[in-house]
Ligand code: GLU
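Residue numbers (this note's numbering): 1 to 429.
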């Protein structure tokens, strides 16, 4: 049976790279009806923090993954010491100044990597390596092989940054008489420029993406695209579908570049694919959690606003920003509306107010008819009235169709807001 593991160190949050490694392991296990083990590598007691651990576990669950077993290395120190002793007894390790050193017997190490193919390691960086420090704590390579062996891990799928550890680990497996697992080293995720990921690119934790209003399904879909393809240029693929199709040897050998635009695009596709009703629930939850939804906003009304913005947003947070004036009355005119505000047409807007106030059925068709008739009677082009009206109603230069906007806002609010603009011109001129 396939047994794989994801082995995060809780010394930081879960980022794009770790999440993708976790995902590829999980998919491999689920595809082969095997088991997915979570191993918390918390041997560094100083740097490991509960808040990181909690967030890592939350992020994995949020992305839609589960695990069959979980282990904490901090609870297994006795075991590592026991195996270190075995190595000492066999003459493969020695105790010096309170620490235990593993003695590498140099030999050529070869692996058949499931992604990269044959790799031959001809050099080892050191002739010995600490496996138990003088304070009694074990080191990474050693814990890793003891655990992988005792947990019956037969496929080690991890980031390419660990490739230099692989020959060392193989020599340790051999020294203890353990079978070596198969390895699959996943290429690193690169920045959009092709270099290493930095603070600016992709260093955002999964929890932060959630905060910004990315949907978990979109996030996981995007992670899939970083190095794996479902074929036929398919880009939208769910976790369930991926489970059927995923094979580790289909993972690309070359690094995938992180792209915020692509992530936004995937997210917007998932937003659009939800029914307006479902998306309203998602948005309501998101805004409520952040305390951004005024209690005066009814579900019916929110649904209409969501319908207006559904095609225009990349994230849930975009909704909060773009639809601000639909949820709050106290909005400002944004900086870029200045050129529009500079043309004082208060008399014409006043005329628009007068004429709109006569409408009894305030729907977009009736509004449009009256609006165009007003513009014509004033000798204006419709757009000369549309732009200032949009600024008046939303504080923004761009937004959804003006007449739909008016219908959703309702007559009372529309008239008030147009008056507010007239008032603004009165005060500023
Ligand atoms: N704790 C290691 C890391 O976070 C795991 C490496 C491995 O998968 O062997 O990079």
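Using N, Cα and C, we set each Cβ at its ideal position, and we do this for glycine too. Here the structure is a predicted model, which is why all the values come from computation and not from measurement.
Residue i: CB within 7 angstroms of a non-hydrogen atom of the ligand GLU
i: residue 390; result: no
i: residue 185; result: no
i: residue 129; result: no
i: residue 10; result: no
i: residue 7; result: yes
i: residue 162; result: yes
i: residue 144; result: yes
i: residue 55; result: no
i: residue 235; result: no
i: residue 41; result: yes
i: residue 81; result: no
i: residue 116; result: no
i: residue 47; result: no
i: residue 158; result: yes
Close beta carbons around residue i, own chain, < 6 angstroms, minus the five adjacent residues each side
i: residue 352; result: 374
i: residue 362; result: 411
i: residue 266; result: 218, 221 and 222
i: residue 80; result: 138, 143 and 146
i: residue 178; result: 149
i: residue 270; result: 215, 217 and 218
i: residue 171; result: 104
i: residue 319; result: 283, 309 and 313
i: residue 232; result: none
i: residue 268; result: 314
i: residue 173; result: 145 and 180
Nonlocal neighbours in the same chain, by C-beta distance under 8 angstroms from residue i, ignoring five residues either side
i: residue 391; result: 333, 337, 340, 341, 397 and 421
i: residue 88; result: 94, 95 and 100
i: residue 108; result: 120, 121 and 122
i: residue 84; result: 93, 100, 131, 132, 138 and 142
i: residue 400; result: 308, 309 and 312
Nearest candidate by alpha-carbon position, reference residue i, set the options
i: residue 247; options: 48, 24 and 401; result: 24
i: residue 405; options: 372, 367 and 49; result: 367
i: residue 228; options: 269, 219 and 186; result: 186
i: residue 360; options: 14, 230, 407 and 224; result: 407
i: residue 426; options: 264, 85, 372 and 349; result: 349
i: residue 60; options: 46, 91, 73 and 19; result: 19
i: residue 167; options: 220, 142 and 273; result: 142
i: residue 41; options: 75, 345 and 165; result: 75
i: residue 250; options: 300, 386 and 116; result: 116
i: residue 273; options: 160, 54 and 238; result: 238
i: residue 195; options: 13, 255, 57 and 215; result: 255
i: residue 65; options: 21, 295, 253 and 52; result: 21
i: residue 3; options: 345, 151, 54 and 286; result: 151
i: residue 52; options: 10, 1 and 174; result: 10
i: residue 429; options: 283, 383, 399 and 346; result: 346
i: residue 77; options: 136, 262 and 68; result: 136
i: residue 344; options: 46, 268, 27 and 387; result: 387
i: residue 253; options: 298, 160, 129 and 369; result: 160
i: residue 291; options: 14, 211 and 124; result: 211
i: residue 5; options: 298, 114 and 69; result: 69
i: residue 44; options: 8, 30 and 14; result: 8
i: residue 329; options: 300, 46, 110 and 296; result: 296
i: residue 1; options: 14, 15 and 30; result: 30
i: residue 110; options: 376, 424, 67 and 164; result: 164
Beta-carbon proximity check, residue i vs residue j, cutoff 8 angstroms
i: residue 325; j: residue 393; result: yes
i: residue 364; j: residue 309; result: no
i: residue 155; j: residue 182; result: yes
i: residue 378; j: residue 327; result: no
i: residue 157; j: residue 184; result: yes
i: residue 279; j: residue 356; result: no
i: residue 225; j: residue 235; result: yes
i: residue 12; j: residue 189; result: no
i: residue 418; j: residue 389; result: yes
i: residue 55; j: residue 207; result: yes
i: residue 102; j: residue 128; result: yes
i: residue 395; j: residue 317; result: no
i: residue 176; j: residue 86; result: yes
i: residue 371; j: residue 385; result: yes
i: residue 277; j: residue 311; result: no
Beta carbon proximity, residue i to chain C, threshold 8 angstroms
i: residue 178; result: Judged by its chain identifiers, the structure shown contains no chain C, having just a single protein chain.
Beta-carbon proximity list for residue i, same chain, < 7 angstroms, skipping 5 on both sides
i: residue 169; result: 141, 144 and 145
i: residue 72; result: 40 and 42
i: residue 287; result: 293 and 320
request  = For the stretch 233-250 and the stretch 33-49, state whether three or more C-beta atom pairs, one from each stretch, are separated by less than 8 angstroms.
outcome  = Using a Cβ-Cβ distance cut-off of 8 angstroms, the stretch 233-250 and the stretch 33-49 are not in contact, since fewer than three pairs of beta carbons, one from each stretch, lie closer than that value.
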